[in-house]
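First the structure, in the form of structure tokens, and then the observations on it.
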Amino acid sequence: MSALTQSTPGAAQSDAAPEKELRPPSYWPFVVPALVVVLAIIIFPWVFTIWMSLNEWKVGSSTTFVGFSNYLRLTSDPRFIEAIGHTLVYTVLSVLLPLVFGTFAAVVFHQKFAGRGFLRGIFIMPMMATPVAIALVWTMMFHPQLGVLNYLLSLVGIPPQLWVFHPATVIPSLVLVETWQWTPLVMLIVLGGLAAIPTEPYESAQIDGANLWQVFRFITLPLIMPFLFIAGMIRMIDAVKSFDIIFAITQGGPGSASETINIYLYSVAFTYYDLGYGSAIAVVFFLLIVLLAAVMLYARQRMVWTEIASDA
Amino acid sequence: MTPRQIIGKIGLWLSVCVIVSPAILFFLWMLSLSLKFEIDNAAYPPVFFPEHIAWKNYADVLASNRFLTYFINSLIVTGGATALALIVGVPAGYGIARMAAHKSAIVILIARITPGLSYLIPLFLLFQWLGLLGTLVPQIIIHLVVTVPIVIWIMIGYFETTPMELEEAALIDGATRWQVFRHVALPIAKPGIAVAFILAVIFSWNNFVFGIVLAGRETRTLPVAVYNMISFDQLSWGPLAAAALIVTLPVLLLTVFAQRQIVAGLTAGAVKGG
Chain A
0 MSALTQSTPG AAQSDAAPEK ELRPPSYWPF VVPALVVVLA IIIFPWVFTI WMSLNEWKVG
60 SSTTFVGFSN YLRLTSDPRF IEAIGHTLVY TVLSVLLPLV FGTFAAVVFH QKFAGRGFLR
120 GIFIMPMMAT PVAIALVWTM MFHPQLGVLN YLLSLVGIPP QLWVFHPATV IPSLVLVETW
180 QWTPLVMLIV LGGLAAIPTE PYESAQIDGA NLWQVFRFIT LPLIMPFLFI AGMIRMIDAV
240 KSFDIIFAIT QGGPGSASET INIYLYSVAF TYYDLGYGSA IAVVFFLLIV LLAAVMLYAR
300 QRMVWTEIAS DA
Chain B
0 MTPRQIIGKI GLWLSVCVIV SPAILFFLWM LSLSLKFEID NAAYPPVFFP EHIAWKNYAD
60 VLASNRFLTY FINSLIVTGG ATALALIVGV PAGYGIARMA AHKSAIVILI ARITPGLSYL
120 IPLFLLFQWL GLLGTLVPQI IIHLVVTVPI VIWIMIGYFE TTPMELEEAA LIDGATRWQV
180 FRHVALPIAK PGIAVAFILA VIFSWNNFVF GIVLAGRETR TLPVAVYNMI SFDQLSWGPL
240 AAAALIVTLP VLLLTVFAQR QIVAGLTAGA VKGG
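The listed protein sequences correspond, in order, to chains A and B. For the first sequence, position 226 (counting from the first letter as 1) is numbered 225 according to numbering that gives the first Met the number 0, and the numbering increases by one without interruption. For the second sequence, position 231 (counting from the first letter as 1) is numbered 230 according to numbering that gives the first Met the number 0, and the numbering increases by one without interruption.
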């Protein structure tokens, strides 16, 4: 059919017409209700957010058009700039740690053993459980005097920590929760990748007498790279936006030591009710996520090219 | 078994223990906290197995009539948002899959990347203007931000894998598109709908950020209610842990019993809302 259309463009039109008549009603009616919903709750908020970001818009007072001054204000807002730093540190750690642990877990769950399905169900419980409920229990576990974590540390001779109650340890402690919570998602994605690997390379590796690490490093890892990349991308998008855990455990504190962009956005919009400025933060925040995703895509492409180059 | 195989077996089981213990120990500790009296919860070194079990913690949480209100609120918001999402999302997934309109999935991708808070600012103003803020309606509507993309995304994937032959045969026999969808495509898609339903329910039930902004005293959902308990009851860990466990228990049970569907859905779509 496509060959025909290419060779005789004139005939193609008369060809396509009867085909359309054969199936008169299209599939559009199926999509329209969802389209209306998406327009109302996703597109409209976006357009409105961009409009609000160009206005001085505080709840209870009149709005005035101010152009880009909300955006200019961002560049000299120390709290915002600090929040970018916190977000980046939090995100890098919350992507890398689950990737490492999740890959290990996936390799283990790829083996056959009794009760695998049930244990996999247990393993993914942290990511499905209600984040606020989890955050509450972690807060109790982080308690410097009565928390179980300091007790566990004391068993192996490590002095008690202040965890989320000290500016220096708050972000690593929150990353611990985030890693505990989201390692299962990485595991599931990598597990899907492992299922797609052919068995031949493993057979020949066994004949060659490769050890477990060599098999993983030179066969498994290169083959699951695309899946690790997808997992890393999803993890990045979620970690940047992380809200429930941080808000419920520290609310950005102590001081502003764990205030990420999302937490700061909440304060500006719904504590100070400065909706215009909050909208500007939301727009910049979204662009930052897109930028991070683009950087990851670019790095991935560079990596593929160097792999090909080193092979050649 | 050769010694090498035995070592392999031991290594495997050790690894399995290491991997699942953070989850198991955490939830056991949560259970332990929720079943202890304050004197045990404030003890150092911590008490792991209490001598006296404080069932009272659960009774107290369940007995407070506010908790029942919040539970019903959660049911209405999650139920409403999931039902609406299935009603609009399943046909949409079907239409997009059949038209092969993959570019429309970009909107879902944007929804996936957008921080939940950026929906809240304009919709908060809209609901305020419509005078809906004291009701559950704003929360049902805004939870669609979570549930609709999940349902559409999973249903596109599902309908793409169902065979076209039956549908084409029905079309030739003179059935309308709607009849084909209703009587041919929909029955086959039941497992996919189950996956979409389960994931939409879980992520809507767990949602917190929309509630803290939109919920008033009477319209809180359970995650918001539990969060509000923290600030007032900083030192009564037993009832707090009991409340937290009750909130997340439905989701945990669903995870264990529908483990296969959840894994299938997450691996295919890898979507999460909010």
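Ideal placement from N, C-alpha and C gives every residue a C-beta, glycine not left out.
By the rule that beta-carbons nearer than 9 Å mark a contact, A/Val-169 does not touch chain B. Ranked by Cα distance from A/Phe-269, the options A/Trp-56, A/Gln-213 and A/Gln-180 are led by A/Trp-56. One thing to note: A/Val-189 has its Cβ no nearer than 9 Å to the Cβ of A/Ile-218. Under the three-state reduction of DSSP output, B/Glu-217 falls in the coil class, being neither helix nor strand. Closest by C-alpha distance to B/Val-46, out of B/Tyr-57, B/Trp-28, B/Gly-264 and B/Leu-143, is B/Trp-28. Taking a C-beta cut-off of 9 Å against chain A, the contacting residues of the region 108–126 of chain B are Ile-109, Ala-110, Arg-111, Ile-112, Thr-113, Pro-114, Gly-115, Leu-116, Ser-117, Tyr-118, Leu-119, Ile-120, Pro-121, Leu-122, Phe-123, Leu-124 and Leu-125, listed in chain order. Residue state for A/Thr-138 is assigned as helix, using DSSP reduced to three classes. Within the region 54–86 of chain B, the alpha helix (DSSP H) runs of at least 4 residues that lie entirely inside it are, in chain order, 55–62. Here the region 246–255 of chain B makes contact with the region 107–127 of chain A; the two share three or more CB pairs at distances below 8 Å.
If you compare the alpha carbons of B/Pro-114, B/His-51, B/Ile-197 and B/Asn-72 with that of B/Val-262, the shortest gap goes to B/Ile-197. Secondary structure of A/Asn-54 (DSSP, three-state): strand. When the five nearest sequence neighbours on each side are left out, the beta carbons in the same chain lying within less than 6 Å of the beta carbon of B/Tyr-118 are those of Val-144, in order along the chain. Inter-segment contact for the region 155–173 of chain A and the region 250–266 of chain A is present: three or more beta-carbon pairs are separated by less than 8 Å. Fully enclosed alpha helix (DSSP H) runs of no fewer than 4 residues occupy 104–112 and 115–129 of the region 75–139 of chain B, in order along the chain. One alpha carbon belongs to A/Pro-143, the other to A/Leu-220, and they sit about 40 Å apart.
Between the C-alpha atoms of B/Asp-39 and B/Arg-216 there is a straight-line separation of about 32 Å. Contact annotation: in the region 111–143 of chain A, residues whose CB is within less than 8 Å of a CB in chain B are Phe-112, Gly-116, Phe-117, Leu-118, Arg-119, Gly-120, Ile-121, Phe-122, Ile-123, Met-124, Pro-125, Met-127, Ala-128, Thr-129, Pro-130, Val-131, Ala-132, Ile-133, Leu-135, Val-136, Thr-138, Met-139 and Met-140. Take B/Ala-193, set aside five residues on each side of it, and the residues of its chain with a beta-carbon closer than 7 Å to its own are Gln-260, in chain order.
Neighbours of B/Tyr-43 across chain A, judged by C-beta separation under 8 Å: Gln-144, Leu-145 and Tyr-150.
The C-beta distance from B/Ile-18 to A/Val-107 rounds to 6 Å, short enough to fall under 8 Å. Taking A/Val-282 as the centre and dropping the five residues before and after it, the same chain places the C-beta of Thr-48, Ile-49 and Ser-52 closer than 7 Å to its C-beta, in chain order.
Excluding the 5 residues flanking it on each side, B/Ile-107 has same chain C-beta neighbours closer than 7 Å at Pro-148, Ile-151 and Trp-152, in chain order. A/Leu-193 has its alpha-carbon roughly 34 Å from the corresponding atom of A/Leu-148. Leaving aside the five residues that flank B/Ile-141 on each side, the residues in its chain whose CB is nearer than 8 Å to its CB run, in chain order, Tyr-118, Leu-119, Leu-122, Phe-209 and Leu-213. Within its own chain, the residues whose Cβ lies closer than 8 Å to the Cβ of A/Gln-250, once the five positions on either side in sequence are excluded, are Ile-262, listed in chain order. Under a 10 Å Cβ-count criterion, A/Asn-210 is classified as exposed, with fewer than 16 other Cβ atoms of the shown protein chains found around its own Cβ. If the five residues before and after A/Leu-152 are omitted, its C-beta is found closer than 8 Å to the C-beta atoms of Pro-158, Pro-159 and Gln-160, all from its own chain and listed in chain order.
Residues of the same chain with a CB within less than 7 Å of the CB of B/Ala-241, apart from the 5 flanking positions on each side, are Ser-33, Asn-56, Tyr-57 and Val-60 in chain order. In the displayed model, A/Asp-273 falls within a strand according to three-state DSSP. The three-state reading of DSSP puts A/Phe-242 in coil, since its state is none of H, G, I, E or B. Ranked by Cα distance from A/Val-31, the first of B/Tyr-69, B/Val-89, B/Trp-236 and B/His-51 is B/Val-89. In the DSSP assignment, B/Phe-47 falls outside any alpha helix (DSSP H) and carries neither an H nor an E.
At a cut-off of 9 Å between beta carbons, B/Gly-88 contacts chain A. Around the beta carbon of A/Glu-202, a 10 Å sphere encloses fewer than 16 other beta carbons of the protein chains shown; the residue is thus reported as exposed. Flagged as an interface residue toward chain A: B/Trp-236, by a C-beta distance shorter than 9 Å.
Three or more beta-carbon pairs separated by less than 8 Å link the region 174–189 of chain A to the region 237–244 of chain A, which places the two stretches in contact.
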